[in-house]
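Numbering (my numbering), first residue to last: 70 to 207. Glycine included, C-beta positions come from ideal geometry on N, C-alpha and C. Remember, predicted model here, so these are calculated numbers, not experimental data.
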């Protein structure tokens, strides 16, 4: 009779250990699921415009990389790489101020209006000097 109780004790001890192990795994599994949701990568789309309407050909790049996209004729873009929270997109177009937008956990679509920037021309053209041809005479 003692052999049966020892066998039963072993079964209950093993069952208790497995039960505690399973509960621990379920607890950690659900907490990891919540953090994975916050760092989930997603595709970002959007529209870039100015005061007159859509701005085609605007450069959209991931800050610190060479990965990027250009806006189409309607100012729309779809970023080619999936982005995560904390990534920064840089929007630039000649004659407009460069703007940076940080991706948050709620960012899926970006609507951006670029503001004009003064462009300073470098150099000067001197048109006062007459043009002289240097031909070789035979």
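Under the three-state DSSP convention, the category residue i falls into
i	result
residue 114	strand
residue 76	helix
Length of the line joining the Cα atoms of residue i and residue j
i	j	result
residue 110	residue 149	12 angstroms
residue 152	residue 178	12 angstroms
residue 118	residue 191	27 angstroms
residue 182	residue 123	9 angstroms
Min CB distance residue i to chain C below 9 angstroms
i	result
residue 152	The displayed structure is made up of one protein chain only, and chain C is not part of it.
Nearest residue (CA-CA) to residue i, options the options
i	options	result
residue 134	157, 185 and 186	157
residue 188	177, 162 and 175	162
residue 160	175, 205, 144 and 154	144
residue 176	114, 91, 83 and 92	114
residue 132	124, 83 and 168	168
residue 172	116, 76 and 112	112
residue 180	138, 92 and 116	116
residue 185	83, 129, 121 and 138	121
residue 154	170, 166 and 76	170
Residues sharing a beta bridge with residue i, DSSP
i	result
residue 129	138 and 160
residue 182	118
residue 168	160
Which runs of the beta strand (DSSP E) fall wholly inside the region 138-163 and span at least 3 residues, in chain order? 145-147 and 157-161
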